[in-house]
Every structure is written in C-alpha cells, then in structure tokens.
Amino acid sequence: MDIQTLEKYARQVRRDIIIMTAAAGAGHPGGSLSSTEAMVALYFDVMNVDPKDDKNPNRDRFVLSKGHSAPALYGTLCERGFFGREEFDHFRQLHGILQGHPDTKKCPGVDASTGSLGQGISIAVGMALGAKHTGNKCHVYTIIGDGESQEGLVWEASMAAAHYKLDNLTVILDHNGLQIDGTNDEVMSLGDIKAKAVAFGYDVIEVADGNDMKQVVDALHAPACPGKPRYIILNTLKGKGVSFMEGQVGWHGKAPNAEQAAQALKELEG
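So the working numbering is basically just the index in the sequence shown, starting at one, shifted up by 2.
The following block contains the structure:
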C-alpha cells in the first residue's frame, strides 16, 4: 500500500482514539497516538491477516504488549474491517468487546489478552517458538513500551528469543520517552537501549522518527537476519498529532473532555 494511503488510515485511527477515549471518559490516548504508525503499517501493509478469516492458523500474529494502548489497536482493527464503528460506543464498558485492555475472547482480530506489562512479549516469544516447532511459516509481531521495558520479564523473553533463534519474531519498541509517572530517565533509565538489545542477541534497527510512515514501513520490510529475532526501535512522540497532548506525560492515562476532543478532532481533519 502506498505511503499516502497509509497516512490517511493513520489520521483516521488517531481520530478513532480520541472518539473512543472521550466517549468513555477514560483510556490511554498518549501512548496510543505514539504507536499509530506502527499499528497501521502492520495491519495494512505488512501482516498476512484477513478480517473474514481471523482464526486462520497460518495468519501472522500480533501481540500488543503495552496493552493500555488498546485504542490504537481497536481503531486499526476497525479500519481494517474486523468490526464496525458502532463498537466504539461501548469502549471500556461492561460486556463490550472493546475492553480497556485487549481481550482475545471478546474482540475479533486480537491474538492475545494483554495488560500486565512485560507479559505480552513473553506470549509473542511463545507463539514464535510454537510456530517453529510446528513448521508454521507465520510471523509474530509485538509492540512493547519503553516504560514496560523496565520489567524483568521483557529481558527474560528476549534471552529466550535469541536462544531459540526466533527469526520469525519482530519486537517493536514504542520509544516515546514517557510513562505514567514521568520520563523514563526520571523513573528508571533504560540507558543505551540499542546496545542492550544488541547484547541480548537481537538484529536491531533504529528508526529516527517512528511517526514517519515511510521510515516505519521501510524498517518493517527490511530483509530478515537468519537465526536472529528482530528488534525495531521507533523513536516516537507521545500524543502525536494532537498539539496539546504531544510530549505531555499527563496524557498517558487521561481522556479528553468534550471541548478538548473537539479541538483534537479538528486538528486531525487533514
């Protein structure tokens, strides 16, 4: 798919994020907005998935390890045709399919229930290892957060990925530099995250602007390194696309009110 069309979908997904969180009065817009390009590129240009056959055993898999960024995933799945826009009205509501964190039992297109940080990448490693054992040619993708990367589980999973030579696994880091309590450096510095990923056995690609669709697509389509899992660092901007949310830690887990939502949607019109 051409970059301009992917960017059009990304704008709509950003609008979906605002619509959902504003209607519910809850949710996590900041990290959803920063990871939008990655989600759209995966589902519209990279992954082998079919909304009409979402349980096909040969499909590629996606795990949103930073599960609180579910609005970006839901917006992408909706635009891709997995369910209708009417479901946005029930975001984070009892019995709705769009829960606060992805639920594979409720939502079409969700491959893993996530929320407890650090566990999603472990699930993705298990999926990739299972595919290797069964001869399934699918590829497994997961998006992790930089705050999440302070969890030991992330690095245990990474050791396993390298040990088992999971070249059918791509880990994408949404590196926006902010988490719920402040900057990464204030809470728990990640240090040289690229050097750490290399040391843990990944084939590493760093993307200067993880909100530039072409850069993201190019990284996702880069030739594989046989015998090594891939680790893509996307340097992104929290709240990307909404001026008053950009780079602001306060929008990690706060929904916009009606006036703020109207302003955000206006900014995202074109």
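Note that CB positions come from ideal geometry on N, CA and C, so glycine has one too.
Query - Rounded separation between Leu-164 and Tyr-204 - CA only - result: Position 162 of the sequence shown, counted from the start, is the residue given in the question as residue 164. Position 202 of the sequence shown, counted from the start, is the residue given in the question as residue 204. Before going further, note that residue 164 is Ala rather than Leu in the sequence given. Rounded to whole angstroms, Ala-164 to Tyr-204 spans 7 Å at the Cα level.
Requested in this report: Please confirm if the region 19-35 is in contact with the region 245-259, defined as three or more CB-CB distances below 8 Å between the two stretches.
Outcome: Three or more Cβ pairs drawn from the region 19-35 and the region 245-259 lie within less than 8 Å of each other, which places the two stretches in contact.
Report task. Pick out whichever of Asp-113, Leu-192, Ile-19, Ala-43 has its Cα sitting closest to the Cα of Ser-71. Result -> What you label residue 71 is simply residue 69 of the sequence shown in a count that begins at 1. Nearest Cα to Ser-71 within the set Asp-113, Leu-192, Ile-19, Ala-43: Ile-19.
**Report entry** Nearest to Lys-196 (by Cα), restricted to the options Pro-228, Ala-221, Tyr-233, Ala-226
**Finding:** Position 194 of the sequence shown, counted from the start, is the residue given in the question as residue 196. Taking each of Pro-228, Ala-221, Tyr-233, Ala-226 in turn and checking the Cα distance to Lys-196, the smallest one comes out for Tyr-233.
Query raised in the report: Rounded to whole angstroms, how far is the Cβ of Gly-122 from the Cβ of Gly-69, which I believe are closer than 8 Å?
Result: Here residue 122 is taken as the residue at index 120 of the sequence shown, counted from 1. Here residue 69 is taken as the residue at index 67 of the sequence shown, counted from 1. Yes, they are in contact, since the Cβ atoms of Gly-122 and Gly-69 sit about 7 Å apart, within 8 Å.
Query raised in the report: Should Val-206 be labelled buried (16 or more other beta-carbon atoms within 10 Å of its own) or exposed?
Result: As a working mapping, residue 206 is identified with position 204 in the sequence shown. Buried.
Query raised in the report: Rounded to a whole number of angstroms, what is the C-alpha to C-alpha distance between Asn-186 and Gly-154?
Result: The sequence position of residue 186 within the sequence shown is 184, counting from 1. The sequence position of residue 154 within the sequence shown is 152, counting from 1. When rounded, the distance between both Cα atoms is 15 Å.
Query raised in the report: Which whole runs of the alpha helix (DSSP H) in the region 48-128 are 4 residues long or more, in chain order?
Result: 72-82
**Report entry** Span of the alpha helix (DSSP H) around Thr-172
**Finding:** Numbered from 1 along the sequence shown, position 170 holds the residue referred to as residue 172. Segment 171-177 is the beta strand (DSSP E) holding Thr-172; no alpha helix (DSSP H) there.
Requested in this report: Check Asp-205 in the structure and name its three-state DSSP category.
Outcome: Against the sequence shown, residue 205 aligns to sequence position 203. Under the three-state reduction of DSSP output, Asp-205 falls in the strand class.
Query - Closest residue to Gly-179 among Ser-115, Gly-120, Lys-240 (Cα-Cα distance) - result: Along the sequence shown, one-based indexing puts residue 179 at 177. The candidate whose alpha carbon is nearest that of Gly-179 is Lys-240.
Query raised in the report: Helix or strand or just coil, what does DSSP make of Asn-213?
Result: Numbered from its first residue, the sequence shown carries residue 213 at position 211. It is coil, neither helix nor strand.
**Report entry** Cβ contact (3+ pairs, closer than 8 Å) linking the region 163-177 and the region 126-141
**Finding:** yes
Query - Where Asp-258 falls, given that 16 or more other Cβ within 10 Å makes a residue buried - result: Position 256 of the sequence shown, counted from the first residue, corresponds to residue 258. Residue identity check: residue 258 is Pro in the sequence provided, not Asp. Around the Cβ of Pro-258, a 10 Å sphere holds 16 or more other Cβ atoms; the residue is buried.
Query raised in the report: Which residue from Lys-10, Asp-4, Thr-23 puts its Cα closest to that of Ala-264?
Result: Here residue 264 corresponds to residue number 262 of the sequence shown, with the count starting at 1. The candidate whose alpha carbon is nearest that of Ala-264 is Thr-23.
Query raised in the report: So what does DSSP say about Val-244, is it helix, strand or coil?
Result: By one-based count along the sequence shown, residue 244 stands at place 242. Three-state DSSP puts Val-244 in coil, outside helix and strand.
**Report entry** CB of Gly-212 within 8 Å of CB of Thr-238, strictly
**Finding:** Here the question's residue 212 lines up with position 210 in the sequence shown. Here the question's residue 238 lines up with position 236 in the sequence shown. Yes. Within cutoff.
Query raised in the report: Could you check where the alpha helix (DSSP H) with Asn-259 kicks off and where it finishes?
Result: Within the sequence shown, numbered from 1, the residue matching residue 259 stands at position 257. Asn-259 -> no alpha helix (DSSP H), and no H or E assigned at all.
Query - Residue interval of the beta strand (DSSP E) (run including Asn-138) - result: Working through the sequence shown from its first residue, we reach residue 138 at position 136. Per DSSP, Asn-138 lies in no beta strand (DSSP E) and is assigned neither H nor E.
Query raised in the report: Shortest alpha-carbon distance to Ile-146 belongs to which of Thr-38, Leu-175, Lys-108, Pro-104?
Result: Within the sequence shown, numbered from 1, the residue matching residue 146 stands at position 144. Cα-wise, what sits closest to Ile-146 is Leu-175.
Query raised in the report: So what does DSSP say about Leu-239, is it helix, strand or coil?
Result: If you number the sequence shown from 1, residue 239 lands on position 237. The answer is coil: DSSP assigns Leu-239 none of H, G, I, E or B.
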